[in-house]
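J.: Residue numbers (this note's numbering), protein chains in the order written: chain G, 2 to 222; chain L, 61 to 317.
Note that beta-carbon positions come from the ideal geometry of N, C-alpha and C, so glycine has one too.
Computed from a prediction, not measured in an experiment: that's the story for all the values here.
Below you will find the structure I want to go over with you.
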């Protein structure tokens, strides 16, 4: 078995690096922009702090549209947009664009539901102290939701490790692409299995670290 | 201190409009511990929440300490709210902040320095005898302790008025006494005017000097409990409430202070 694996190790290392690069950048961008969208979704709801039902309706529609396009189709459909942003539609950096675009509405939905679980009474108490809207969001909403937010980040990271295996289609590379090329195209099942094992271990690590952070942040119990 | 004139508030419900508060007028003087009593749904909480405009009245006038609450800009209102403390039935403490950080929170919102915040927060925590819980998180406290933290938090900005929305309804009977004692202390020592919404007559008996009885959005009667020891309730609702309290006094489970 090792005689088959050792020759491909450098390539595997590169693939792992590509996955790490794609997932990290797209999750960071997706989390930042998704938080923004999710906050707007929450604030503009009927009965919330800004109450802009029309805006909420439009934003909701956008989120739903992007959430309903399957990731593989999205990657291909937005190729012109990707070219516009990074200058090329092919390669690891190019693959970050569809991943980010897919991550934003996904994270927005997750964080919106986390915000909805924040006790309205605590926000009201801060209002009674004269907190302005920025303070209500920054110091109350985000602070009260922080454990949920950490949990959401863990969820999207795990999901996008999985999504990253699809972007081989636009030459994104990564560990998934590596597994497909060896395990599927060249019938080297052992390499495929080893790769899957590695992905399992990575996901376990991400999830454990995430759980640890959530536990550290959550003071509710 | 607080003057409420002809205030109305309607809520839209699936079954049509609902008069939560209708044509209520009240005058609350400086130093009062003013009780607002009634059964649930009588509109007492809505009335209380209109004093600091957590709820916007449909019509009427509200002034606090001589300032018209309804003609203020949003900026002025946020500033004004710092002089009106509020505590709630379910405490509403920030779960991810320690007791100290909860109590200093209003000062943080106001932009006070870290040392100033800490100093003042410790002072307020001393008032409610919770200096041993400074670094605890709210989840580890009992209901009574949480409400004491909330009281400390409500007085950090040295407000003139403290609004209390069913402050003893979620704590056990003994703790209730303690909470009311602290409210009384704050009223006497710091000269804070208190408005307290409750459905329990024993709360009124223990600390209030005046009380308004509410039913279906209206104030049906008001009593000055200091001047008139022999209360003669006229309305049915007041009779129910006052007789209930007499019975419980006879049963001996009410502390008459």
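For residue 88 of chain L and residue 158 of chain G, I'd like the C-alpha separation in whole angstroms.
T.: A straight-line Cα-Cα distance of about 57 Å links residue 88 of chain L and residue 158 of chain G.
J.: Along chain G, in chain order, which residues have C-beta atoms closer than 9 Å to that of residue 72 of chain L?
T.: By Cβ distance, chain G contributes nothing, its closest Cβ being about 11 Å from residue 72 of chain L, past 9 Å.
J.: Which residue marks the beginning of the beta strand (DSSP E) containing residue 224 of chain L, and which one marks its end?
T.: 221–225
J.: Name the chain L residues whose beta carbon is nearer than 7 Å to that of residue 222 of chain G?
T.: 199
J.: Establish whether the CB of residue 316 of chain L and some CB of chain G are separated by less than 7 Å.
T.: With a pLDDT of 37 at residue 316 of chain L, under the threshold of 50, the modelled position of that residue is not reliable, and no figure is offered here.
J.: For residue 57 of chain G and residue 42 of chain G, which I take to be in contact (beta-carbon distance under 8 Å), what is that distance rounded to the nearest angstrom?
T.: 7 Å
J.: Among L:153, L:164, L:181, L:225, whose alpha-carbon lies nearest the alpha-carbon of residue 200 of chain L?
T.: L:153
J.: Excluding the five sequence neighbours on either side, which residues of its own chain have a C-beta within less than 8 Å of the C-beta of residue 243 of chain L, listed in chain order?
T.: 93, 211, 222, 224, 227, 254, 256, 267
J.: Using the rule of at least 16 other Cβ atoms within 10 Å of the residue's Cβ for burial, across every protein chain shown, is residue 8 of chain G buried or exposed?
T.: exposed
J.: Return the first residue and the last residue of the alpha helix (DSSP H) that residue 274 of chain L is part of.
T.: From DSSP, residue 274 of chain L is part of no alpha helix (DSSP H) but of the beta strand (DSSP E) over 270–275.
J.: To the nearest angstrom, how far is it from the Cα of residue 70 of chain L to the Cα of residue 212 of chain G?
T.: 46 Å
J.: Would you call the region 117–134 of chain G in contact with the region 159–175 of chain G, where contact means no fewer than 3 C-beta pairs closer than 8 Å?
T.: no
J.: Tell me the rounded alpha-carbon separation between residue 22 of chain G and residue 113 of chain G.
T.: 27 Å
J.: Are the region 168–176 of chain G and the region 141–155 of chain G touching, with three or more C-beta to C-beta distances below 8 Å?
T.: Between the region 168–176 of chain G and the region 141–155 of chain G there are fewer than three inter-stretch CB-CB distances shorter than 8 Å, so the stretches are not counted as touching.
J.: For residue 203 of chain L, report the span of its alpha helix (DSSP H) as first-last.
T.: 203–215
J.: Does the CB of residue 299 of chain L have a neighbour CB from chain G at under 7 Å?
T.: For residue 299 of chain L, the answer is no, since every Cβ of chain G falls outside 7 Å of its Cβ.
J.: For a contact defined as C-beta to C-beta under 8 Å, what are the partners of residue 123 of chain G on chain L?
T.: Chain L residues near residue 123 of chain G: 152, 153, 154, 155.
J.: For a cutoff of 7 Å on Cβ pairs, would you count residue 309 of chain L as touching chain G?
T.: Confidence at residue 309 of chain L is low in this model, with a pLDDT of 47, below 50, so its placement is unreliable and the value that follows should be read with caution. Chain G contact via Cβ: absent.
J.: Note down, in chain order, every chain G residue with its Cβ under 7 Å from the Cβ of residue 141 of chain L.
T.: By Cβ distance, chain G contributes 129, 130, 131.
J.: Kindly indicate which residue of L:160, L:215, L:113 has the alpha-carbon position closest to the one of residue 245 of chain L.
T.: Checking every option, the nearest Cα to that of residue 245 of chain L belongs to L:215.
J.: In terms of residues, what are the limits of the beta strand (DSSP E) holding residue 282 of chain L?
T.: 278–284
J.: Which chain L residues sit within Cβ distance under 9 Å of residue 120 of chain G?
T.: 150, 152, 155
J.: Let's test the definition: count the other Cβ atoms within 10 Å of the Cβ of residue 116 of chain G and tell me whether it reaches 16, buried, or not, exposed.
T.: By the neighbour-count rule (16 or more Cβ atoms within 10 Å), residue 116 of chain G is buried.
J.: Whole angstroms are fine: how far does the CA of residue 183 of chain G sit from the CA of residue 192 of chain G?
T.: 7 Å
J.: Mapping the DSSP letters down to three states, classify residue 230 of chain L as helix, strand or coil.
T.: coil
J.: Find the residues of chain G that neighbour residue 166 of chain L, judging by a C-beta separation of less than 7 Å, and give them in chain order.
T.: 130
J.: Would you say residue 209 of chain G reaches chain L, if we count a Cβ-Cβ gap shorter than 7 Å as a contact?
T.: no
J.: Determine whether the Cβ of residue 205 of chain G lies closer than 7 Å to any Cβ atom of chain L.
T.: no
J.: Whole angstroms are fine: how far does the CA of residue 198 of chain L sit from the CA of residue 116 of chain L?
T.: The straight-line gap from Cα to Cα measures roughly 31 Å.
J.: For residue 71 of chain G, decide whether its Cβ has a neighbour in chain L, counting only Cβ atoms nearer than 7 Å.
T.: no
J.: Any idea what DSSP makes of residue 292 of chain L, helix, strand or coil?
T.: Looking at residue 292 of chain L - three-state DSSP - the assignment turns out to be coil, as it is neither helix nor strand.
J.: If we ignore side chains and look at the alpha-carbon of each, how far apart do residue 63 of chain L and residue 126 of chain L end up?
T.: 8 Å
J.: Does chain L have any CB closer than 7 Å to the CB of residue 109 of chain G?
T.: no
J.: Thinking just about the alpha-carbon of each residue, which of L:276, L:113, L:236 is nearest to the one in residue 126 of chain G?
T.: L:113
J.: With H, G and I counted as helix, E and B as strand and the rest as coil, what does DSSP make of residue 92 of chain L?
T.: coil
J.: What does residue 165 of chain L pair with, by DSSP beta-bridge criteria?
T.: Residue 165 of chain L pairs with nothing; no bridge assigned.
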